[in-house]
Structures are given as structure tokens and as C-alpha cells.
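Residue numbers (this note's numbering): 15 to 351.
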């Protein structure tokens, strides 16, 4: 290996970066018996459903039931997913993880998983692909299987105070917002919680309202949440966390001392196509946290319709190397206004 030229080694990650993992990987490392730990009978006869546990007269398995439950029940399905998707991460104020792969741990923080399972939303036998395939109405229908009181368009409109065809009428946008650092994008948290959560708002951590309304102030947000849902917040805590209560909340997020908050702020501004926040978004291209630079670069390329490598910028460059391309970007997109 020591005889391999450095140029050849450097070439490997560059080629790998050209391939989307979700598009090219065969199984993302997950094979059948990662979930089904006892499948001999199923292999011999496909009509026999696979088990979730190995079993043998010579094997003792501890269980809460009178006898070992082998099939596809609520506990086994969530257990199969939770064995991998669990752990500890840095958290936001409400307790959910700031970055991914511990979705089961986050899900257990909410009450919905007392009845629902991971496969309520995710088909374990189909690839998710590079983009979430379901429509907003299809997503909402998953929630209204249990929350039947919101099963009509009028009920959703009254509950959300948004038009039923808008992003504000999405159950997931409000209760599972995109605040989690994924592998290739900011993705939804799996902690199902209320957008009125006081800890998030009082700590100046990402709230669902300003993820869409990036140009609005925290006073605008709390006024609506109080008027619509009777939410209550500590004025002292809000004044302490927000140096300017009349500025765009997303701008404040991008100036946060918390790298996860900065990441979500930049992502939200780009998703909202909020060019008024472009100076703040461009600053994230010089963020000390590499992943923030990477995700901000992808967002800016979509927002401005450009390719940053044409400006000589790469998110993994050193701080000194980044300055020349950043100066060119500021001159073209900010100083020209």
C-alpha cells in the first residue's frame, strides 16, 4: 500500500463523492437477517413468514411475555429498527438529537410510538430513493389514521390556520420539522412534538414556524402561537435568548454559537428561497464546522443556480483558501445590489 501514489489515493474520495449513496448502493449494509434473525424455515418455504428472533430448545431468550413472540408485532418491529437507530447525540433544547442515525431514540421521546411503528411510514423492503416519495396528503393520511379528528380538509385548515394546499398544512412540517443533520441533507427529526414547545422557542433553537417564515421575528411567531393555541412563553427567557426580537429569526439562527442551529438556519433560508438572508447564508460557507459549509454550499447552489466549484470554492478547503472565492461571491451577489 505504501507504494500507491498519493494522487491515486486522493482520487478515490473524489470519485465516491460523484455517487449518491441512496441511488447506487445495493443494500446500504442491511441484509435480510439484520432484522429477521431466524429465517431458516422461510428460506425453505417462502410461505412461512420469517421470524424476528432466533429460537431453539437450546437457546434461552429473555422476554416480557409468557412465551417468545416471534412474529411481526409492534414491539418486534420497533426493536428491529431500534437496535441500529439508537444512541446518544448532542441535543436541542427539547431533547431531540441534532444529527442523525438515532431516530428510534428520538421517536421514543414522543408519545406516538406507543402505538405506531417505524414501518408505519417506512417500507423496510423498498429503497427510499434520493427523495421522499409521498405527497403531503399521503403523509397527513398516515397521521390521521390515529388522529381522526383531523381527517377532513376543513379540520386541517382550522387546526393549522393555513390553507390545506400549503406547506403549513403538513403535519410533519409542524410536528417533525427538518432540524436533523442527515448524511446528505437536513432531514426530519423523529421526535414528534408540538411546535408550541416552549423550550425550543425560549432557547432560540429552531422552531417549526420560522423554518418556513424565515423572514419573520420571534415576536410575530409567539403572538400567533399564543393567539391560535394559547401557548405561553417566558418573556424574560425570550429577551435573554434573542438580542433583537424584531429581526428575522433565521438570521439570528445563522449567528448562533450552536453549530447545529446555524446549520438549520442556513438550510431553512435556502429552502424558503429567502434571498434577503443571502449575506448570512454566504457567511456559513466560511463556518468553522465543515458539515455546515458542505450543506450551505448545496443550498446556495440551488438558491442561486450556480456551481461553487466554478468560483474555486470547496467546502473542505482551509480557511485561508476559502477567502478568495468567498470574496468573489460577495462581490457578485451582494456588492452588485
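Ideal Cβ placement from N, Cα and C applies to all residues, glycine included.
| Check | Outcome |
| --- | --- |
| According to DSSP, simplified to helix, strand and coil, what is residue 255? | helix |
| Is the Cβ-Cβ distance between residue 263 and residue 231 less than 8 Å? | yes |
| Which of helix, strand or coil does DSSP assign to residue 397? | What is shown of the chain runs 15 to 351, which leaves residue 397 out entirely. |
| Just to confirm, are residue 267 and residue 220 a CB contact at a threshold of 8 Å? | yes |
| Could you tell me the boundaries of the alpha helix (DSSP H) in which residue 275 lies? | 273-285 |
| Could you give the DSSP three-state label for residue 336: helix, strand or coil? | helix |
| Determine whether the beta carbon atoms of residue 204 and residue 107 lie at a separation below 8 Å. | no |
| Starting from the Cα of residue 212, find the closest Cα among 223, 311, 189, 245 and give me that residue. | 245 |
| Do you know whose CA, among 137, 185, 172, lies nearest residue 158's CA? | 185 |
| In whole angstroms, what is the alpha-carbon distance linking residue 112 and residue 196? | 9 Å |
| Would you kindly report the start and end of the unbroken beta strand (DSSP E) that includes residue 194? | 192-195 |
| Between the alpha carbons of residue 141 and residue 248, how many angstroms are there, rounded? | 44 Å |
| In or out: residue 307 buried (at least 16 other Cβ within 10 Å) or exposed? | buried |
| For the stretch 284-302 against the stretch 312-324, are there 3 or more C-beta pairs whose distance is under 8 Å? | yes |
| Would you list the residues sitting across from residue 113 in a DSSP beta bridge? | 195 |
| Can you tell me whether residue 190 is buried or exposed, with buried defined as 16 or more other CB within 10 angstroms of its CB? | buried |
| Give the straight-line distance between the Cα atoms of residue 292 and residue 321, rounded to the nearest whole angstrom. | 16 Å |
| Taking the CB atoms as reference points, tell me whether residue 192 and residue 225 lie closer together than 8 Å. | yes |
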